[in-house]
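A quick write-up on the structure given underneath.
Residue numbers (this note's numbering): 40 to 456.
Structural data, given as structure tokens:
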């Protein structure tokens with residue numbers, strides 16, 4: 040019976056996926072909720088709602104669809120949907136459907152490992168738990184839904200507007216369009232990023248790329264605040280990508296970006312930065328500091344040191360008389376590297392005291408001890424600084440956390456993967 044059930048589920052799932060792929064060739068972004076809800080009936084479900092996460096990663100916002108009417112925005116903290124999102128896990132609950140018993144699945148919407156929201160799928164007339172084959176199909180369906188959200192978002196503002204809980208400044212519009220997704224993971228590493236205040240950024244940004252076994256990553260902090268700072272940061276980020284794609288190392292990249300910024304903004308604007316690359320096979324880390332705070336190194340979940348290095352002048356000043364010093368560190372399996380801008384260490388805690396580098400390291404240590412993966416660690420860091428009573432940012436706050444061979448990449452995926 041189990042084999043027969045699995046075979047039947049597979050056949051129905053194949054038809055479901057085929058129809059979704061066929062229909063979404065010409066569908067618009069706002070049609071996606073309806074398409075997914077209609078085709079999921081092939082596997083016996085009779086209700087599907089998409090939720091996208093807001094920019095502050097506090098709320099899950101329902102997306103227009105046939106079953107979304109009356110659905111409210113859900114808090115990530117303290118809800119079943121939020122648990123599925125925060126832990127990238129599948130949660131099954133019993134619900135009442137039309138006066139009878141039913142089962143409901145909450146699934147994370149994962150584009151790779153980037154958390155876009157959650158999917159709710161309801162099965163009516165069912166008291167017992169769903170077969171594992173059905174749960175697995177639903178997880179694959181949620182994965183497809185996330186990919187389609189990411190793809191359709193390239194051509195429409197529909198999902199973008201759903202994610203916003205307040206107006207966004209022009210500077211923030213510029214920088215969010217440039218930075219990559221907040222999460223990247225592969226077999227050897229996990230990378231997570233945070234960019235705040237998300238609706239009113241001044242000049243912070245981050246970037247990364249995985250090329251031929253080398254993870255390139257950087258953070259930038261443009262002088263000042265607002266659109267002028269965002270503009271010079273955008274220029275620096277683009278120059279960084281241009282250098283990276285020419286296969287230049289950190290020191291050569293520094294020199295190239297420094298020259299380009301000075302030529303475009305002579306003696307007017309500058310950008311501090313931390314430019315790094317990690318060889319994923321050996322754990323060799325190289326970096327250059329352009330007037331930027333030193334990265335933090337955590338080993339076995341404990342902060343062991345700042346990666347101090349005599350910094351070069353900020354990008355765009357052309358003050359470096361010689362090539363900048365390039366730092367080098369041999370990482371050990373399970374090491375974590377934290378890059379951050381000074382707005383994070385200068386943030387005010389609820390009592391009014393500065394967050395400081397030491398408290399920042401202690402916070403990461405506590406999350407590591409609790410087994411939290413990098414993306415959830417940074418989401419909680421944002422909550423600790425901004426959302427708790429009087430906590431406040433004095434400047435933009437950007438963080439980029441990299442785990443090397445810590446095994447955290449598996450925790451970013453549901454059990455069926």
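We treat Cβ as the ideally placed atom computed from N, Cα and C, and that holds for glycine.
Predicted model, so just to flag it, every value in this text is computed and none were measured.
Buried or exposed: which applies to residue 67, given that a residue is buried once 16 or more other Cβ atoms fall within 10 Å of its Cβ?
exposed
Less than 6 Å between C-beta atoms, sequence neighbours within five positions excluded: which residues of the same chain meet that for residue 73?
104, 105
In the DSSP assignment, what are the bridge partners of residue 351?
329
Extent of the continuous alpha helix (DSSP H) to which residue 282 belongs
266–283
Residues bridged to residue 369 by DSSP?
323
Using 8 Å as the cut-off, can you tell me whether the stretch 230–240 makes contact with the stretch 126–145, which would need three or more C-beta pairs spanning the two stretches below that distance?
no
Over the uninterrupted beta strand (DSSP E) stretch that includes residue 186, give me the two end residues.
That residue, residue 186, is in no beta strand (DSSP E); its alpha helix (DSSP H) goes 171–191.
In the DSSP output, what is residue 261 paired with across the bridge?
310
Express the C-alpha separation of residue 403 and residue 414 in angstroms, rounding to a whole number.
12 Å
Using only the alpha-carbon positions, how far apart do residue 458 and residue 286 sit?
Only positions 40 to 456 of the chain appear in the structure, and residue 458 is not among them; the question remains open.
Assuming contact is defined by CB atoms lying nearer than 8 Å, are residue 182 and residue 260 in contact in what I supplied?
no
To which residues of the same chain is residue 123 closer than 8 Å at the C-beta, ignoring the five residues directly before and after it?
129, 130, 145, 146, 147, 157
Residues near residue 473 in its chain [Cβ-Cβ closer than 6 Å; skip 5 each side]
A question about residue 473 goes unanswered here, because the residues of the chain that appear run from 40 up to 456.
Buried or exposed by the 16-neighbour rule on C-beta atoms within 10 Å, applied to residue 246
buried
What did DSSP end up calling residue 150 once you bin it into helix, strand or coil?
strand
With a floor of 3 residues, list each beta strand (DSSP E) that falls wholly inside the stretch 68–128, ordered by position along the chain.
87–92, 98–101
Kindly indicate which three-state DSSP category residue 430 falls into: helix, strand or coil?
Because residue 430 sits at a pLDDT of 46, beneath the cut-off of 50, its placement in the model cannot be relied upon, and the point is left open.
Exposure label - residue 343; buried when at least 16 CB within 10 Å:
exposed
Quick check: the stretch 73–89 against the stretch 45–60, are at least 3 beta-carbon pairs closer than 8 Å?
yes
Consult DSSP for residue 399 and reduce its assignment to one of helix, strand or coil.
helix
Would you tell me roughly how many angstroms separate the C-alpha atoms of residue 213 and residue 316, rounded to the nearest one?
25 Å
Contacting residues, own chain, Cβ-Cβ under 8 Å from residue 292 (five flanking each side not counted)
279, 282, 283, 314, 327
Which same chain residues end up closer than 8 Å to residue 137 when comparing Cβ atoms and leaving out the 5 residues on each side of it in sequence?
163
In this structure, how does DSSP classify residue 55 when only helix, strand and coil are distinguished?
helix
Measure how close the beta-carbons of residue 271 and residue 308 come, nearest whole angstrom, since I'm counting them as under 8 Å.
4 Å
Under the rule that 16 or more other beta-carbon atoms within 10 Å means buried, what is residue 194, buried or exposed?
exposed
Between the alpha carbons of residue 318 and residue 324, how many angstroms are there, rounded?
7 Å
Tell me, please, which residues DSSP counts as bridged to residue 158.
89, 146
Under 8 Å between C-beta atoms of residue 420 and residue 378
no
For residue 299, which beta-bridge partners are listed by DSSP?
In the DSSP output, where bridge partners are listed per residue, residue 299 has none listed.
Taking Cβ to Cβ, would you say residue 368 is nearer than 8 Å to residue 335?
no
Along the chain, where does the alpha helix (DSSP H) containing residue 217 start, and where does it finish?
209–217
Pairwise C-alpha distance: residue 113 and residue 311:
38 Å
Could you tell me which of 366, 396, 453, 338 sits nearest to residue 13, measuring between CA atoms?
No information on residue 13 is available, as it lies outside the stretch 40 to 456 that the chain covers here.
Rounded C-alpha distance that separates residue 226 from residue 444:
8 Å
Within its chain, find whatever has a CB closer than 8 Å to the CB of residue 174; leave out the 5 residues flanking it on each side and keep chain order.
129, 131, 144, 455
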